[in-house]
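> Numbering (this note's numbering), first residue to last: 96 to 599.
Let me begin by handing over the structure; questions about it come next.
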């Protein structure tokens, strides 16, 4: 069915608003968590599960949900997912205890995993013109990044006049409007019942992804548990082996590995993951540094890293318009290289608030925007329309793994360097805890008469770790630019060849 121009672009507004909700819920609790845990009476461990339940469940379900959409129809998956998301948001907002809130966050993830691949797949189906589709996917990509950047800001604004449940309650009216609008705007459901959806494959995929996520998150704990990391990695490896073997035997696999033979698809997937790795990693360590060492409020620290989103918005939209003229290589490989330059600028200017720091954050965002917006086009535009759900879900998994890897790996590195180098004055309260984390040192400084000396010592150690993390991020981006440049060396403007459908 060919949709009118107005209907196509209105549908884009609906699905991107839905994506904004999903992205916000990934980061909105970073600011709200201290208030939330105090008012609901959550322990530190329960607070971690309140945050982790959402990305953990979503990462495990994404691949199966996207492929299920190819069978039952993406319109249906979007409507089901949005309904679950809205109802779970209502439960979360009025949760009477931590257990109910953790369960509600897990159900939120079920709704998000159901509709997130469907948002991109609906764009792939509704926009048949290549140029229009490039622009539409660029808008989609910029909203995905914007939501993550706006989470801490929205949370800070809501918590001043309202209670903690407001960070979930804002989802409900948007969910209702999007649900009603999608009923009228989305193209007719187009199920392909000849596709067999294999439940066992989905279980294997969930074991693999959840095992990997648990291992990554445990690495970030201090001290990490070797037993948990080892068990999670074993589960991930066993799940991956069983999943891969099963796909080779199925006539309709949950994941068709032949799509990775397309260099444009693979470069898009790599660009999406690395772009999110850099975005999340720099956001994490920068907000922590400027809150704990410079005395910024969470809201103002959120505004600082929102400069990344400012850079992202400009190039992500421009990338969609330029793609048909310049091709993928300068936008994906060039975007990663530009992001690396931005990180280098940050690494030499982060010691105070200054114009160079602001410029570095904006340049990082500009490179990420160029890469991530057209990465979505490279991924979804290089598979047949009937495999759009599978391609979309693979991209979402790449985003999630990039985000989780940045938080766990870079967070662990900066903490390890801080603990190894910090030399605190003698006689301070809770000295052992203060040597383990910057937040504990900042708390000790507030309780001590010699708080300035504590902050100077802690700040010096943390800044060394911060610099090392920036060097790592810049190096990863540089290698990514080289690899994607090699993959795309023969992919010029207008060569958006779709791989053949493995089903025929």
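Quick reminder that beta carbons are idealized off the backbone N, C-alpha and C, glycines included.
(1) Going by C-alpha to C-alpha distance, which of 197, 570, 174, 219 sits closest to residue 208?
(2) Measuring CA to CA, which of 103, 501, 215, 532 is closest to residue 276?
(3) Quick one: complete beta strand (DSSP E) runs, 3+ long, within the region 424–449?
(4) Can you tell me whether residue 138 is buried or exposed? The criterion is at least 16 other CB atoms within 10 Å of its CB, across all chains shown.
(5) In this structure, how does DSSP classify residue 170 when only helix, strand and coil are distinguished?
(6) Consult DSSP for residue 520 and reduce its assignment to one of helix, strand or coil.
(7) Less than 8 Å separating the beta-carbons of residue 426 and residue 466?
(8) Rounded to a whole number of angstroms, what is the C-alpha to C-alpha distance between residue 442 and residue 568?
(9) Residue range of the alpha helix (DSSP H) that residue 193 falls in?
(10) Okay, do the region 507–525 and the region 388–395 touch, 3+ Cβ pairs below 8 Å being the bar?
(11) So, is residue 596 buried or exposed, given that buried needs 16 or more other C-beta atoms within 10 angstroms?
(12) Counting C-beta neighbours from all protein chains within 10 Å, is the total for residue 475 16 or more, i.e. buried, or is it exposed?
(13) Around the C-beta of residue 551, are 16 or more other C-beta atoms found within 10 angstroms, so that it is buried, or is it exposed?
(14) Exposed or buried, which one is residue 244 when buried takes at least 16 other CB atoms within 10 Å?
(15) Between the alpha carbons of residue 237 and residue 407, how many angstroms are there, rounded?
(16) Below 8 Å on the Cβ atoms is my guess for residue 247 versus residue 499; work out the distance and round it to an integer in Å.
(17) Return helix, strand or coil for residue 582, following the three-state DSSP convention.
(18) Is the CB-CB distance between residue 155 and residue 301 below 8 Å?
(19) Along the chain, where does the alpha helix (DSSP H) that runs through residue 279 open and close?
(20) Rounded to whole angstroms, what is the Cα-Cα separation between residue 585 and residue 401?
(21) By the 10 Å Cβ neighbour count, where 16 or more other Cβ atoms means buried, how is residue 223 classified, buried or exposed?
(22) Please work out which residues of its chain come closer than 6 Å, Cβ to Cβ, to residue 337, disregarding the five sequence neighbours upstream and downstream, and give them in chain order.
(23) From what residue to what residue does the alpha helix (DSSP H) around residue 123 run?
(24) Check this for me: beta carbons of residue 269 and residue 112, under 8 Å apart or not?
(25) To the nearest angstrom, how far is it from the Cα of residue 319 to the Cα of residue 456?
(26) If I measure Cβ to Cβ from residue 119 and keep anything under 7 Å in the same chain, skipping five residues before and after, which residues do I get?
(27) Could you tell me whether the Cβ atoms of residue 575 and residue 424 are closer together than 8 Å?
(28) On the CB-based measure, 16 or more other CB atoms within 10 Å of its CB, does residue 329 come out buried or exposed?
(29) Under the rule that 16 or more other beta-carbon atoms within 10 Å means buried, what is residue 549, buried or exposed?
(30) Under 8 Å, do residue 462 and residue 430 count as touching if we go by C-beta distance?
(31) With a CB to CB cut of under 7 Å and the five nearest residues on each side skipped, what residues in its chain are close to residue 303?
(32) Suppose contacts are defined by Cβ-Cβ distances below 8 Å. Is residue 460 in contact with residue 508 by that definition?
(33) Within 10 angstroms of its Cβ, does residue 579 collect 16 or more other Cβ (buried), or is it exposed?
(34) Pick out the complete alpha helix (DSSP H) segments inside the region 375–427, 4 residues or longer, and give them in chain order.
(35) What do you reckon, are the CB atoms on residue 489 and residue 559 nearer than 8 Å?
(36) Just to confirm the assignment, what range does the alpha helix (DSSP H) spanning residue 255 have?
Quick answer:
(1) Mapped onto the chain shown, residue 208 falls at position 113. When each option's Cα is compared against that of residue 208, the closest is 174.
(2) Taking the first residue of the chain shown as 1, we reach residue 276 at position 181. Comparing Cα-Cα distances from residue 276 to each of 103, 501, 215, 532, the minimum goes to 103.
(3) none
(4) To locate residue 138, count along the chain shown from 1; it is residue 43. By the neighbour-count rule (16 or more Cβ atoms within 10 Å), residue 138 is not buried but exposed.
(5) Within the chain shown, residue 170 is the residue found at index 75, counting from 1. In the structure shown, residue 170 sits in a helix (DSSP, three-state: H, G or I).
(6) By 1-based counting over the chain shown, the position of residue 520 is 425. Residue 520: coil per DSSP, three-state reduction.
(7) In the chain shown, the residue the question calls residue 426 occupies position 331. In the chain shown, the residue the question calls residue 466 occupies position 371. Result yes, Cβ atoms of residue 426 and residue 466 sit closer than 8 Å.
(8) Taking the first residue of the chain shown as position 1, residue 442 is located at position 347. Taking the first residue of the chain shown as position 1, residue 568 is located at position 473. For residue 442 and residue 568, the distance between alpha carbons rounds to 10 Å.
(9) Here residue 193 corresponds to residue number 98 of the chain shown, with the count starting at 1. Unbroken alpha helix (DSSP H) run through residue 193: 193–221.
(10) no
(11) As a working mapping, residue 596 is identified with position 501 in the chain shown. Unreliable placement is indicated for residue 596, whose pLDDT of 42 sits below 50; the coordinate value is still reported in the next sentence. Its Cβ having fewer than 16 others within 10 Å, residue 596 is exposed.
(12) Within the chain shown, residue 475 is the residue found at index 380, counting from 1. So residue 475 ends up on the buried side.
(13) On the chain shown, position 456 is the one that residue 551 refers to. Exposed is the call here.
(14) For the purposes of this step, residue 244 is taken as residue 149 along the chain shown, with counting starting at 1. Buried is the call here.
(15) Translated into positions along the chain shown, residue 237 becomes position 142. Translated into positions along the chain shown, residue 407 becomes position 312. Their Cα atoms are separated by approximately 7 Å.
(16) Taking the chain shown and counting its residues from 1, one reaches residue 247 at position 152. Taking the chain shown and counting its residues from 1, one reaches residue 499 at position 404. About 18 Å; that fails the 8 Å criterion.
(17) As a working mapping, residue 582 is identified with position 487 in the chain shown. Residue state, collapsed to three classes: helix.
(18) Start at 1 with the first residue of the chain shown, and residue 155 comes out as number 60. Start at 1 with the first residue of the chain shown, and residue 301 comes out as number 206. Yes; because the gap between Cβ atoms is below 8 Å, this pair is in contact.
(19) The residue given as residue 279 occupies position 184 in the chain shown. Segment 266–280, the alpha helix (DSSP H) holding residue 279.
(20) The count along the chain shown starts at 1 and reaches residue 585 at position 490. The count along the chain shown starts at 1 and reaches residue 401 at position 306. Distance between the alpha carbons of residue 585 and residue 401: 36 Å.
(21) As a position in the chain shown, residue 223 is number 128, starting the count at 1. Label assigned to residue 223: exposed.
(22) Here the question's residue 337 lines up with position 242 in the chain shown. Only 299 meet the Cβ criterion.
(23) Here residue 123 refers to the residue found at position 28 when the chain shown is read from its first residue. Residue 123 -> no alpha helix (DSSP H), and no H or E assigned at all.
(24) As a first step, residue 269 is located in the chain shown; it is residue number 174 there, counting from the start. As a first step, residue 112 is located in the chain shown; it is residue number 17 there, counting from the start. Annotated as proximal: residue 269 and residue 112, with beta-carbon spacing under 8 Å.
(25) The sequence position of residue 319 within the chain shown is 224, counting from 1. The sequence position of residue 456 within the chain shown is 361, counting from 1. Each residue's alpha carbon lies about 31 Å from the other.
(26) If you number the chain shown from 1, residue 119 lands on position 24. Cβ within range, chain order: 242, 245, 246, 249.
(27) Position 480 of the chain shown holds residue 575. Position 329 of the chain shown holds residue 424. For residue 575 and residue 424, no; Cβs fall outside 8 Å.
(28) As a working mapping, residue 329 is identified with position 234 in the chain shown. By the 10 Å Cβ count, residue 329 comes out exposed.
(29) The residue you call residue 549 lines up with position 454 of the chain shown. Classification of residue 549: buried, given that the 10 Å Cβ count is 16 or more.
(30) For the purposes of this step, residue 462 is taken as residue 367 along the chain shown, with counting starting at 1. For the purposes of this step, residue 430 is taken as residue 335 along the chain shown, with counting starting at 1. When the beta-carbon positions are compared, residue 462 and residue 430 come within less than 8 Å of each other.
(31) Here the question's residue 303 lines up with position 208 in the chain shown. Closer than 7 Å at Cβ, skipping near neighbours: 331, 334, 335, 338.
(32) As a first step, residue 460 must be located in the chain shown, where it is residue number 365. As a first step, residue 508 must be located in the chain shown, where it is residue number 413. For residue 460 and residue 508, no; Cβs fall outside 8 Å.
(33) Residue mapping note: residue 579 aligns to position 484 of the chain shown, counting from 1. Looking at its Cβ environment, which holds 16 or more other Cβ atoms inside 10 Å, residue 579 is buried.
(34) 393–421
(35) Translated into positions along the chain shown, residue 489 becomes position 394. Translated into positions along the chain shown, residue 559 becomes position 464. No, Cβ-Cβ distance for residue 489 and residue 559 is not below 8 Å.
(36) Counting from 1 along the chain shown, the entry for residue 255 is found at position 160. Counting along the chain, residue 255 falls outside any alpha helix (DSSP H), and DSSP gives it neither H nor E.
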